[in-house]
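Be aware that the sequence shown starts at 35, since it is given in our numbering, and climbs by one per residue.
Scroll down for the structure; my scribbles are underneath it.
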Amino acid sequence: MEYVARQFNIPQLAGLSQKQMEVHLGLYQGYVKHVNLIRSQITELKESETDTYVISELRRRFSFEFDGMRMHEYYFEQFESGAQSHADDSALTTAAIEKYGSWDAFIEHVKEVAGTRGIGWVIVYYDPAGRTLHTVFVGDHELGQLAGLPIILAVDLWEHAYMVDYLPAEKMSYVDAFLNNVNWSVVERRMLEEVV
Ligand SMILES: [Fe+2]
C-alpha cells in the first residue's frame, strides 16, 4: 500500500491566511511522499542486501517522516468546518477541569507549554489508564511522544506553521490565532472515542 495525502475542508480562518495554509498543506504532502519513499527505499535495499548502514539510517528516519505526516493530519483536521467552542458538559471539559482547575486554566497551560523554546508540537493526550490529560512538548515530530496514548489536541510549533503570517518573535500571537480557530467538537470527538 501507499499513503495518500488527505484533503481537508478548511474554511477561511481568522489570523491565519489562505497562503499560510496552502504552504503548510504543501509541506504536509511532502511528508506523505517521503513516508512512501522511505518505505520503498528500505525494501529495495533489503532486496539488494547492500548497505546495512543506509538501511539503519532510513529506519531511524522513518518515525520523523511518519509522525510528520500523521501529526499534520491531526492538526489540519482541527480546523475543519470552522471554529466551534467546547461544550460545558463534554468529557474533554470535565477532564480539563479535573486536571487544570478550569477550562481557561487548561488553555493557559497549553499556551505555557507552547512557549517552550525550539521547534515541535504541543500535544494534549488522554491517558485512558490514568483517566487524565497530559500536555506535552514534543520535539521535531517524534521526540518525546507518549507511547500508546491517543492524541486529543495537536498544536504545530514549527516556524513553517506561522511564518507566512507572523515573525518568529510573534509565535504566541500565532498560538492565540490557532486556539481561536479550533473546532473543539473535533477534539471532543477524539476524546469520546477513548472514554469508555
Ligand atoms: Fe507543520
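No residue lacks a Cβ here, since even glycine has one placed at the ideal position from N, Cα and C.
query: Three-state class that DSSP yields for residue 43 in the structure shown; result: coil
query: Local Cβ density within 10 Å of residue 48, reported as buried at 16 or more and exposed below that; result: exposed
query: Residue range of the alpha helix (DSSP H) that includes residue 68; result: 52-82
query: Residue 192 (DSSP reduced to helix, strand or coil); result: coil
query: Residue 188 versus residue 75: straight-line alpha-carbon distance, rounded; result: 30 Å
query: Endpoints, alpha helix (DSSP H) assigned at residue 150; result: Here residue 150 belongs to no alpha helix (DSSP H), and DSSP marks it neither H nor E.
query: Residue 92 - DSSP class collapsed to helix/strand/coil; result: helix
query: Residue closest to residue 203, alpha-carbon to alpha-carbon, out of 158, 149, 185, 160; result: 149
query: DSSP beta-bridge partners of residue 167; result: 160
query: CA nearest to the CA of residue 199, picked from 52, 113, 171; result: 52
query: Backbone CA spacing between residue 18 and residue 147 [nearest angstrom]; result: Outside the modelled stretch of the chain, which goes from 35 to 230, sits residue 18, for which no answer is possible.
query: CB of residue 220 within 8 Å of CB of residue 112, strictly; result: yes
query: Residue 195 beta carbon near ligand 1 (any heavy atom closer than 7 Å); result: yes
query: Counted within 10 angstroms of its Cβ, other Cβ atoms place residue 87 as buried (16 or more) or exposed; result: exposed
query: Contact test: residue 126 Cβ vs ligand 1 heavy atom, cutoff 7 Å; result: no
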